[in-house]
DNA sequence: CGGACAACCTGGCGGC
DNA sequence: TGCCGCCAGGTTGTCC
């Protein structure tokens, strides 16, 4: 659920409360939430490290400490927020990792389904691995996208979900980008025309940018660090709209499964490219 | 290399 | 009202 716009919103919301702070201690009640290192070592290493910056790479949150970096992936139900030590937040029934700050506030990691992971590493590359380009970076130009997709042949839906192809898209924004560019999720990358690629590139940037402006889509679990919902869920065109009329042509939106993922599209105006 | 699929988890919901 | 069973999806890992 938390995809690039949601993670970006979380990062922006954490910058102010974490600025200038130092982590003094860490506690964890579910060892599985810690990717690396294990609990005792993690706690010993992180204590005393100051926060230098809060950044995002794909769907990863990078809290750069000194000398290590805290890397958090929210997966489906993860939440990250800063509250006073004594605060009782509604998400606290799922809090598994708590970082004590030096100002009587805490950074809490809540995760109902326990899929999310928190890592502490010297070099972020240890965790990030082979991530694709950032779709909203200036360096990610139409030409760069054209060159990248020219080397692929598979179906568009799984391709756009592949984080080594492009970092940050998830099930919601992939479906939205394909609808916006009028491309069928089962179309193959090697059948796209030059114009198809141009529209897809523009659609990816557009849906992600709008998602950020709306502070993310709170389809179910996602919340901003202040606990409130984003508003991108109100303007989705296909995701979660099976059976409802297409906003463009009124034909009912269809839901199929592609690569084990629920996939929403308009069978009337999202065409499969010839070939 | 790519496609298929299980595993990781549990809240929420539909069905009865 | 209560219980059962299934679905949701990001990523990794395994198998063919």
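Residue numbers (this note's numbering): 993 to 1267. The C-beta atom is built at its ideal place from N, Cα and C for all residues, glycine as well.
Checklist entry - Would you say residue 1038 and residue 1057 are within 9 Å of each other, going by their C-beta atoms? => result In the first chain, counting from the first residue as 1, residue 1038 sits at position 46. In the first chain, counting from the first residue as 1, residue 1057 sits at position 65. A distance below 9 Å separates the beta carbons of residue 1038 and residue 1057.
Checklist entry - If you check the beta carbons only, do residue 1144 and residue 1181 fall under 9 Å apart? => result Taking the first chain and counting its residues from 1, one reaches residue 1144 at position 152. Taking the first chain and counting its residues from 1, one reaches residue 1181 at position 189. Yes. Within cutoff.
Item to check | Sequence-distant residues of its chain with Cβ nearer than 6 Å to residue 1251 (five each side left out) | outcome: As a working note, residue 1251 is residue 259 in the first chain. Excluding residues up to 5 positions away in sequence, 1150 lie with their Cβ nearer than 6 Å to the Cβ of residue 1251 in the same chain.
Item to check | Cβ neighbours of residue 1059 in the same chain (closer than 7 Å, five flanking residues each side left out) | outcome: Here residue 1059 corresponds to residue number 67 of the first chain, with the count starting at 1. Correct list, in chain order: 1114.
Item to check | Terminal residues of the beta strand (DSSP E) in which residue 1150 lies | outcome: Walking along the first chain from the start, residue 1150 turns up at place 158. The continuous stretches of beta strand (DSSP E) do not include residue 1150, which lies in the alpha helix (DSSP H) extending over residues 1148-1153.
Checklist entry - So what's residue 1012 in DSSP terms, helix, strand or just coil? => result Position 20 of the first chain, counted from the start, is the residue given in the question as residue 1012. If DSSP states are grouped into helix, strand and coil, residue 1012 belongs with coil.
Checklist entry - What does residue 1088 pair with, by DSSP beta-bridge criteria? => result As a working mapping, residue 1088 is identified with position 96 in the first chain. In DSSP, residue 1088 forms no bridge with anything.
Checklist entry - From this set, 1159, 1160 and 1194, which residue's C-alpha is nearest residue 945's C-alpha? => result Nothing about residue 945 can be reported from this structure: the residues present for the chain run from 993 to 1267 only.
Checklist entry - Is the CB-CB distance between residue 1257 and residue 1171 below 9 Å? => result For the purposes of this step, residue 1257 is identified with residue 265 of the first chain, where counting begins at 1. For the purposes of this step, residue 1171 is identified with residue 179 of the first chain, where counting begins at 1. Closer than 9 Å, so yes.
Checklist entry - Do the region 1128-1137 and the region 1191-1205 touch if we need at least three Cβ pairs shorter than 8 Å? => result Flag = yes, the region 1128-1137 and the region 1191-1205 touch.
Next on the checklist: For residue 1187, report the span of its alpha helix (DSSP H) as first-last.
Outcome noted: Position 195 of the first chain, counting from 1, holds the residue named residue 1187. Its alpha helix (DSSP H) spans residues 1186-1205.
Checklist entry - With distances taken from CA atoms, which of 1047, 1035 and 1178 is nearest residue 1254? => result The count along the first chain starts at 1 and reaches residue 1254 at position 262. The shortest Cα separation from residue 1254 among 1047, 1035 and 1178 belongs to 1178.
Next on the checklist: Going by beta-carbon coordinates alone, are residue 1109 and residue 1064 separated by less than 9 Å?
Outcome noted: Indexing the first chain from 1 puts residue 1109 at position 117. Indexing the first chain from 1 puts residue 1064 at position 72. Yes, these two residues count as a Cβ contact at 9 Å.
Item to check | Backbone CA spacing between residue 1083 and residue 1066 [nearest angstrom] | outcome: Counting from one through the first chain, the residue named residue 1083 turns up at place 91. Counting from one through the first chain, the residue named residue 1066 turns up at place 74. Spanning the two alpha carbons is a distance of roughly 14 Å.
Item to check | Per-residue burial, residue 1052 [other beta carbons within 10 Å of its own, 16 or more giving buried] | outcome: Mapped onto the first chain, residue 1052 falls at position 60. Result: buried.
Item to check | The alpha helix (DSSP H) enclosing residue 1120, as first and last residue numbers | outcome: Along the first chain, read from residue 1 onward, the residue named residue 1120 stands at position 128. Unbroken alpha helix (DSSP H) run through residue 1120: 1117-1120.
Checklist entry - Got a sec? Which residues, its chain only, sit under 6 Å from residue 1163 by beta carbon, not counting five neighbours each side? => result For this step, residue 1163 is matched to residue 171 along the first chain. Excluding residues within five positions, the ones whose Cβ falls inside 6 Å are 1253.
Checklist entry - For residue 1001, which three-state DSSP category applies? => result The count along the first chain starts at 1 and reaches residue 1001 at position 9. In this structure, residue 1001 counts as helix in the three-state DSSP scheme.
Next on the checklist: Less than 7 Å between C-beta atoms, sequence neighbours within five positions excluded: which residues of the same chain meet that for residue 1001?
Outcome noted: Translated into positions along the first chain, residue 1001 becomes position 9. For residue 1001, where only same-chain residues beyond five positions count, the Cβ hits under 7 Å are 1204, 1207, 1208, 1216 and 1222.
Checklist entry - Mind checking whether residue 1010 and residue 1127 have CB atoms under 9 Å apart? => result Taking the first residue of the first chain as 1, we reach residue 1010 at position 18. Taking the first residue of the first chain as 1, we reach residue 1127 at position 135. The answer is no: Cβ separation not under 9 Å.
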